[in-house]
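K.L.:
Quick one: the structure is below, questions incoming.
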């Protein structure tokens, strides 16, 4: 990534692959180098350099998401040990705003990708379902910032949410029917009416603004 | 529908009004020699007795004494009756804004007063309007503002509301001035300043009136917020502008305006605005702080809220800062903390009282507007009126499209052209414009009547024509809808998304307004809440939502679900803030269970703001159905004659998560814990009773037994394993204390419930130490939790 002569070609390649503009790629590359300490790859420990991330309750999930093979499209499960810049960009690409000028199919595809990213965050054991335990885990982490909320509350919230999800996905259940967990399709159903496009995006701003903000 | 509007048709208020008018005429006729009747109330009354001798009269009519309050009250009542009629008709509220109705009523009253040649009471003058009528309206707008969407869109809102008002005001003013220059229209004596003042007052929109119509169509949230934000800030900005221009007019009656004055005006504009907001925030914090200490006299909590808001308004006005912006900022700041501090009844009182006050104010203003309409003091000038209307529409279009063009560049999700059309079309004028026009000082504005006429025409046009057609327009344009559901999942996901975004932005090294929000939240939690909230339990929005839903359900069930409701009075959610801020998970789970089993969806929650009404109780029907079903199942199970509360009857259904921990193994089901839900189910029935228990501990034994029996049977329904012995309320609580997982359970809302349930040694309470141990054993086997319906 550091070789000067092939940079512009690589940049162009990345532009093609990820959909970022070359400015944004340069920017993110700078950031990547900052995080990794000028090394070509990032490991989990490097994320400790981001101070604000420490205060984030779902920090571990976020960091994990960067290394998740499913997000990196490298495999159905498992975690990578380290990621290079291209992987970094791949993850970041999930947060691009959906271009409203695209046609409906494309929009749906993008939306699905984003939701899949979210799904992977919940489904930590990569079995394709969000089980109650995983859901609880998420809720506990989300509420972990508040020391006064006990585990039971978190758990019951998760249980309630799970039940709600069950009702949305499966509706009235027969006796002896077993609900195993939220699959990706169920997950999509839950999110059906809600505009994730408007929420899951980060503005990869232009250079000038970035300079101001630092 | 065939429902008439009884309010309008009912003869009584009309009769009263006529009697009043006749009465006042009688007295005024008698008092002609003695001067205007209103001035000499008691004296005139006495003097107007039988003019013959000084006899004691058995029956006298003294109308002047009560004239002003009497008529004001009549007006308000009349409007209220009309509103009742309006809402009885199912489709009307969705068709036209309520302002239409108020204007019609006002015009009718005006017609009557005009027809009987009556002198209307001096309801409207500058002081009364600015000091008494305006603050409640603004306070209500600020208080009911949905904070989070507002703050998310705040950039666009400020840009649009602030600049939009300015552009409109100046644009309309200047264009009209140009028109006035044309000699043919006979308007050359209206100078620039007067036109500018007129422009500023005519640009004061009141789009809240159309929000109710919007709600029918359920437009998307950013659009809704733009309209709302505009309504909120527009009043303030127009009044500020109006005052500055009036000051200019007064000052420069004889000289021309120098640039330095214009600059001073601009600077003043900014200072007034920002200063007002600053004042409001300070007062908001002070009042939030004070409500921290009002546990013991909760009756004065509403008083504190109102008085402080009003004080913020008055203090800002003292310093010539914008009182409107102050009171808005005060309401917004105070709301979050006050809601947590005050008791439930105070909270309800505050909401209702606020609505009531603003409703009264607005009614009075509209009626007065109607009265002014049907009157002699009009000056109709075709050119002025016509061009005013045209320019209002034109400049609004210009400002909408240009301002949004600019702000769309900075928004990730720009407003579409359709949205912009809707925003343009929602420029409905209202009471604000009229008041400002009416209060123009005649000395400075010799052609005031013309201004008033033009204002009235614009208001009538926009309210009726635009107000009625905007609903169909929204539907026709198929504006993007919102689809918010008040569900736990959604709340969770949104929260997760927030954190995710903040995290990714941190990783990217970016600084965006999400981080600002995060930082503010941290600051808020660390410092502000400690100072301002009563028992500083930091709460997350997920938990708040949960608790809110739970309380709502509990209230409903208490109101409609108590089978022995006749015996007990309606309970109140008395003191939820007294140390019981924690969850009662079973209750919520029971609620969820109830919902799932009975196939009810949680109602949709759109950002719902109705200026004239609090949220209608849409869940009443739902609660009634729950009640009916419960009664049915109860009847069935009674027929089956179960007496053993422990066993699980064959037909009972319940949902279980098999990986829940439980304190003792259930006989019939293998391999898993029984549901918290069964627990919960019974708990929800107990909930209603528990509430009664809290309030009336000394209960007759018979009633208690009846309760026990009923709740026992009900819990049988759910397959619960409650022991009937568990229902002894106070005395036997202790014996069952030792039984299970009480140790770490969160303190539930209702203590007896807790104890009872535990005495039943329910399954399903998830994370308590004894249970946890067992769960650890059992939970591992089926890795996936199974949701089983038996």
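Residue numbers (full-length UniProt numbering), protein chains in the order written: chain A, 1 to 214; chain B, 1 to 790.
Glycine is no exception: its CB is placed at the ideal position from the N, C-alpha and C atoms.
Since this is a predicted model, take the numbers as computed values, not measurements.
(1) Please check if any C-beta of chain A sits within less than 7 Å of the C-beta of residue 605 (chain B).
(2) Go ahead and label residue 274 (chain B) buried or exposed: buried means 16 or more other beta carbons lie within 10 angstroms of its beta carbon, across all protein chains shown.
(3) Listed from N- to C-terminal order along the chain, which residues in the segment 27-42 of chain A have their beta-carbon within a distance smaller than 8 Å of any beta-carbon of chain B?
(4) If you measure beta-carbon to beta-carbon, which residues of the segment 48-71 of chain A are closer than 9 Å to chain B?
(5) Taking only the alpha-carbon atoms, compute the straight-line gap between residue 441 (chain B) and residue 187 (chain B) and give it to the nearest angstrom.
(6) By the criterion of Cβ-Cβ separation under 7 Å, what are the contact partners of residue 165 (chain A) in chain B?
(7) Which one of B:129, B:141, B:90, B:88 has the shortest CA to CA distance from residue 433 (chain B)?
(8) Compare the Cα-Cα distances from residue 143 (chain A) to each of A:154, A:106, A:55, A:68 and report the closest residue.
(9) Do you know how far the Cα of residue 143 (chain B) is from the Cα of residue 343 (chain B)?
(10) With a cut-off of 8 Å on the beta carbons, I'd call residue 239 (chain B) and residue 322 (chain B) a contact; round off their distance for me.
(11) DSSP on residue 10 (chain A), reduced to helix/strand/coil?
(12) According to DSSP, is residue 128 (chain B) part of a helix, a strand, or is it coil?
(13) Check distances from the C-beta atoms of the UniProt domain "EF-hand" (110-145) of chain A to those of chain B and list, in chain order, the residues that come in under 8 Å.
(14) For chain A, check one thing: does any of its Cβ atoms lie closer than 7 Å to the Cβ of residue 503 (chain B)?
(15) To which residues of the same chain is residue 166 (chain B) closer than 8 Å at the C-beta, ignoring the five residues directly before and after it?
(16) How would you list, in chain order, the residues of chain B whose beta-carbon sits under 9 Å from the beta-carbon of residue 190 (chain A)?
(17) Spell out a yes or no on whether the segment 127-141 of chain A and the segment 96-106 of chain A are touching, meaning 3 or more CB-CB pairs, one atom from each, closer than 8 Å.
(18) Determine the chain B residues that contact residue 216 (chain A) at a beta-carbon separation under 7 Å, and present them in chain order.
(19) Which first and last residues belong to the alpha helix (DSSP H) in which residue 395 (chain B) is found?
(20) When the distance is taken between beta carbons, is residue 374 (chain B) closer than 7 Å to residue 79 (chain B)?
(21) Distance, Cα to Cα, residue 470 (chain B) vs residue 426 (chain B)?
(22) Under 7 Å between the Cβ atoms of residue 525 (chain B) and residue 57 (chain A)?
(23) Among A:136, A:124, A:40, A:113, which residue has its Cα nearest to the Cα of residue 84 (chain A)?
(24) In whole angstroms, what separates the C-alpha of residue 44 (chain A) from that of residue 98 (chain A)?
(25) With a Cβ-Cβ cutoff of 7 Å, do residue 203 (chain B) and residue 169 (chain B) count as a contact?
(26) CB-CB under 6 Å to residue 784 (chain B), same chain, minus the five flanking residues each way: which ones, in chain order?
(27) My guess is that residue 53 (chain A) and residue 67 (chain A) are in contact by the Cβ rule of under 8 Å, so how many angstroms apart are they, rounded?
(28) Please report how far the alpha carbon of residue 392 (chain B) lies from the alpha carbon of residue 206 (chain B), in whole angstroms.
(29) Please decide whether residue 497 (chain B) counts as near chain A, where near means a Cβ-Cβ distance under 7 Å.
(30) Within its chain, find whatever has a CB closer than 8 Å to the CB of residue 413 (chain B); leave out the 5 residues flanking it on each side and keep chain order.
(31) Strictly by DSSP, which residues pair up with residue 82 (chain A)?
(32) If you follow the alpha helix (DSSP H) that residue 57 (chain A) is in, where does it begin and where does it stop?
(33) Label residue 738 (chain B) either buried or exposed according to how many other C-beta atoms from any shown protein chain fall within 10 Å of its C-beta, with 16 as the threshold for buried.
(34) List the endpoints of the continuous alpha helix (DSSP H) containing residue 317 (chain B).
(35) I want to see whether chain B comes within less than 7 Å of residue 161 (chain A), judged by CB atoms only; does it?
(36) Measure the CB-CB distance between residue 158 (chain A) and residue 489 (chain B) and report whether it falls below 7 Å.
P.N.:
Reading off the structure:
(1) Legend: pLDDT at residue 605 (chain B) = 36, less than 50; position of this residue unreliable, value from coordinates given subsequently. It does not; no Cβ of chain A falls within 7 Å.
(2) exposed
(3) 28, 31, 34, 35
(4) 50, 51, 52, 53, 55, 56, 57, 58, 59, 61, 62, 63, 65, 66
(5) 19 Å
(6) 489
(7) B:129
(8) A:154
(9) 17 Å
(10) 7 Å
(11) helix
(12) helix
(13) 118, 121, 129, 131, 132, 133, 138, 139, 142, 143, 145
(14) By this cut-off, residue 503 (chain B) is an interface position.
(15) 237, 241
(16) 487, 489, 490, 493
(17) no
(18) This structure does not reach residue 216 (chain A), given that chain A is present from 1 up to 214, and the question cannot be answered.
(19) 382-410
(20) no
(21) 7 Å
(22) no
(23) Minimum Cα distance to residue 84 (chain A) is reached at A:40.
(24) 29 Å
(25) yes
(26) A caution first: residue 784 (chain B) carries a pLDDT of 41, below 50, which makes its placement in the model too unreliable to give a value.
(27) Not a contact, Cβ separation roughly 14 Å.
(28) 14 Å
(29) Interface residue, yes.
(30) Contacts found: 222.
(31) In the DSSP assignment, the residues bridged to residue 82 (chain A) are A:43.
(32) It is not in any alpha helix (DSSP H) - residue 57 (chain A) carries neither H nor E in the DSSP assignment.
(33) Any reading at residue 738 (chain B) is ruled out, since the residue's pLDDT is 36, under 50, leaving its predicted position unreliable.
(34) 301-318
(35) Yes - at least one Cβ of chain B is within 7 Å of the one on residue 161 (chain A).
(36) Going by C-beta atoms, residue 158 (chain A) is not nearer than 7 Å to residue 489 (chain B).
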